[in-house]
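Take -3 as the starting number for the sequence shown in the working numbering and just add one per residue. Built from N, CA and C at the ideal position, the CB exists for glycine as well.
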Amino acid sequence: MRIVSGIQPTGNLHLGNYLGAIRNWVAMQEAMGPGDDCLFFLADLHAISEHQEPIAFARGIREMAAALIACGIDPERAILFRQRDVAAHVQLQWLLNGTARVGWLDRMTQFKSKSGKNREGSSVALYTYPVLQAADVLLYQATHVPVGEDQKQHLELARDIAAKFNTDTGTDLFTLPEPIIPPGAARVMSLRDGSAKMSKSDPSDMSRINLIDDADTIAQKLRKARTDPEPLPDDPALLDARPEAKNLVSIYAALAGETNAQVLQRFAGQGFGAFKPALADLAVARLAPIAARLTELVRDTAELDRLLARGAERARAIAAPTLAKAYQALGL
Ligand code: TYM
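What follows is the structure, encoded as structure tokens:
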């Protein structure tokens, strides 16, 4: 198995990233056998598809590296690196720009939602972003890509690009990667709006729980989370019409390692006045050790830089043969 995934190093790591993806990164790293590789990277080149304030951006990249290590990514076992340190990502993206079709990119929902009514004013990078994402995984012959539900479409595009490149060049150069999406917490929603995903780009910090939030902040955000006045039902199907209630129950279930039905067995008939404090206690118990470790790690910037440089060296070695074969397949 070759496991590859990335995260944009902007803003804080939040509960959606953790439950939707990072927890799975750690689980896959732990399940790694001999001959398997895990490559995890900070998608700093993806991040510049939107404006970044340079000083905060540089700090954010180190903080995200520290956050991943605090969550359990072991930079000895896994290969942890910054995307910009492996130039082959960008080189392969250009080659794949010859394969990807405009019609395919036009269908990408993330571009539509991020560009909104301002398509003409969006960066070209925001539009071609999924081609770089395809290069990120195809470059390493990824077999499995652990992501949240929102990245599924980008992964399907990577498969389409790989298949067309192989057909067009008469090779079987690229492996078609499988997305690994957690069944329970595939899409953690905003605490303010049950129809929007929890996101670091939401202007309201009250919409998300950051892994570095302290116990009081977590309790306050959950207390103020939007809900409805009804008590919790005993049947999980009845949550479908109540997105905010469903989100909080799903978060509880993911943190507790239970199903929604098991959570409802315990809380059916109770209102949010009782459920929210129980959820806050559970979230604090799970996140506080991560926050403590993160605060420690982020102090040693020289060590973080050393780890990332070493990770990039290992990643470059794995990437080189595939990039060379891609040039060759195109007659370059
Ligand atoms: P990013 O940085 O937005 O998010 C990182 C990971 O967290 C997941 N995620 C969520 N999961 C559940 N609920 C949510 N509310 C939520 N918000 C985020 C994302 O699905 C993702 O797995 N384009 C990617 C980064 C990327 C990448 C790649 C990923 C670049 N190249 C190659 C995989 C493979 C992104 O912006 O993720």
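Apart from the five residues just before and just after residue i, which ones in its own chain have a Cβ nearer than 8 Å to its Cβ?
i	result
D301	R58
D236	K242
P239	M185, G190 and S191
Q79	G2, F37, L38, A39, D40, L41, H42, H85 and D132
From the DSSP output, which residues share a beta bridge with residue i?
i	result
R78	L38
V141	P175
V0	L35
H375	Residue 375 lies beyond the residue range present for the chain, which begins at -3 and ends at 328; the question has no answer from this structure.
K193	M185
For a cutoff of 8 Å on Cβ pairs, would you count residue i as touching chain C?
i	result
R97	In summary, chain C is missing from the structure at hand, where a single protein chain is found.
Is the beta carbon of residue i less than 8 Å from the beta carbon of residue j?
i	j	result
Q89	V127	yes
F107	L92	no
P273	N256	no
L283	I214	yes
G307	L76	yes
E145	I177	yes
R222	G12	no
K220	H10	no
Take the Cβ of residue i as the centre, count every other Cβ of all protein chains shown within 10 Å, and call the residue buried at 16 or more, exposed below.
i	result
Q4	buried
L328	exposed
S200	exposed
S1	buried
V184	buried
V98	exposed
V133	buried
A130	buried
Below 7 Å CB to CB, which residues in the same chain sit around residue i once its five sequence neighbours on both sides are set aside?
i	result
T297	R58
L278	Y248, L251 and A252
M28	C34 and R73
For residue i, collect the residues of the same chain with a Cβ closer than 6 Å to its Cβ; drop the 5 residues on either side in sequence, then sort them by chain order.
i	result
A84	L135, A315 and L319
I(-1)	M24, C34 and H140
R289	A66
How about residue i: is its Cβ closer than 7 Å to a heavy atom in the ligand ADP?
i	result
V245	Absence of the ligand ADP from the depicted structure is noted, with the ligand TYM being the only ligands included.
Length-filtered (3 minimum) beta strand (DSSP E) runs lying within the region 144 to 187 | 174 to 176
In chain order, which continuous runs of the alpha helix (DSSP H) of length 4 or greater are located wholly inside the region 206 to 283?
-> 211 to 220, 239 to 252 and 256 to 263
Go through the region 74 to 120 residue by residue and report every complete run of the beta strand (DSSP E) that reaches 3 residues or more, in order.
-> 75 to 78
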